[in-house]
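As they're listed, the protein sequences go chains A and B.
Residue 1 is where the first sequence starts when you use this note's numbering, and the numbers rise one by one after that.
Residue 117 is where the second sequence starts when you use this note's numbering, and the numbers rise one by one after that.
C-beta atoms are modelled at their ideal positions from N, C-alpha and C, and glycine is treated no differently.
Following: one structure in C-alpha cells, then a few remarks.
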Amino acid sequence: GAGVSQTPSNKVTEKGKYVELRCDPISGHTALYWYRQSLGQGPEFLIYFQGTGAADDSGLPNDRFFAVRPEGSVSTLKIQRTERGDSAVYLCASSLIDSSRYNEQFFGPGTRLTVL
Amino acid sequence: GNSVTQMEGPVTLSEEAFLTINCTYTATGYPSLFWYVQYPGEGLQLLLKATKADDKGSNKGFEATYRKETTSFHLEKGSVQVSDSAVYFCALSDPNDYKLSFGAGTTVTVRA
C-alpha cells in the first residue's frame, strides 16, 4: 500500500513569507507526527496528533509554527514569517495506536524547506 | 529530559568489515530503544528495536542489545556490504510518550 507522502518535496521561499507543508499519512493511521531535521542533526519532535487534536505540541519552537489535522487524516504544517533558521527538512510520520504493543512510526520522504 | 548520544561519523569501512556504532541514552523513565536507517534518497526506516533490558533487536544482520546498566544500545554488524551505506540514527521513546528522541546520526560508507 501507499506510504506516507509529503508535498512539496522542496520549497524555496523568502524570509518573511508564509509556507504550508502537507502530509498524507498511511490510510487508517490515527497518529501523526511532525519532526524537523536540521543539517547534520537527527530529527527533532515538533507535534503529535491523535485523530484531529494535537495531543502534544511541546516541540513547536514558537508561535510562528502551527499545524492542523481537521479531518483526522491529512495534516498541514504552517509557518508564518519564515526566518533563515527555519531552513530544514520537515518530516512527517504516522502510526497506529495500540496500547498493547509498540506502534512503529512510518516516515515520509520529507519536505526540504529553504528560506533565503 | 530524554537525550541520545551516538558515535560521530563519518565512518568508512571496507566490505566484509565489522561495524559498531555506539549509542548511549539518558531517560527519565524506562524507554524503548530503536535504530533507524536512512538510505540515500529514501526516508527514515525502522531497522530494529528493543523494549526492555537485555532484549536484543536484530534485522538484516544488524544487532543491538538494550543494556540498562550502561544505558547503551550499540549497533553491530559482523560483515557489512556496500548496500549498508546509509545514515544510522539511534532513538528512544518513553513508554507513555509516543514521540521519538533521536541522536545526531552516523554516516556509514562501505567501499567495495
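field: A/D24, DSSP secondary structure in three states
entry: A/D24 falls in the strand class under three-state DSSP.
task: Under the assumption that B/F150 contacts B/L162 (Cβ atoms under 8 Å), give the Cβ distance between them as a whole number of angstroms.
output: Distance from B/F150 to B/L162 at the Cβ level is roughly 6 Å; contact confirmed, criterion being Cβ atoms closer than 8 Å.
- request: Just the C-alpha distance for A/K15 and A/S87, rounded to the nearest angstrom, thanks.
  value: Per the coordinates, the alpha-carbon of A/K15 lies some 10 Å from the alpha-carbon of A/S87.
- request: Can you tell me which of B/K176, B/A180, B/Y155 and B/G157 puts its alpha carbon nearest to the alpha carbon of B/A165?
  value: Checking the sequence shown, residue 165 of chain B turns out to be Lys, not Ala. Checking every option, the nearest Cα to that of B/K165 belongs to B/A180.
query: Looking at C-alpha atoms only, which residue of A/E83, A/D98 and A/V89 is the closest neighbour of A/V115?
result: In terms of Cα proximity to A/V115, the closest of A/E83, A/D98 and A/V89 is A/E83.
message: Measuring alpha carbon to alpha carbon, tell me which residue in B/V196, B/D213, B/N118 and B/T187 is nearest A/D57.
response: Measuring from the Cα of A/D57, the nearest candidate turns out to be B/D213.
query: Mind checking if A/Q41 is an interface residue toward chain B, Cβ cutoff 8 Å exclusive?
result: The beta carbon of A/Q41 sits closer than 8 Å to some beta carbon of chain B.
query: Using Cβ-Cβ distances below 9 Å, what residues of the region 20-32 of chain A are close to chain B?
result: Answer in chain order: A31.
- prompt: For B/L129, which residues of its own chain have a beta-carbon under 8 Å away from its beta-carbon, when the five flanking residues on both sides are left out?
  reply: If you ignore the 5 residues before and after B/L129, its C-beta comes within less than 8 Å of the C-beta of L135, V196, V224, T225, V226 and R227, all in its own chain and listed in chain order.
Segments of 4+ residues assigned as alpha helix (DSSP H) that fall wholly inside the region 167-220 of chain B: Whole alpha helix (DSSP H) segments, 4+ residues: zero.
task: Determine, using beta carbons only, whether B/L160 and A/L91 come nearer to each other than 8 Å.
output: Between B/L160 and A/L91, the CB-CB gap stays under 8 Å.
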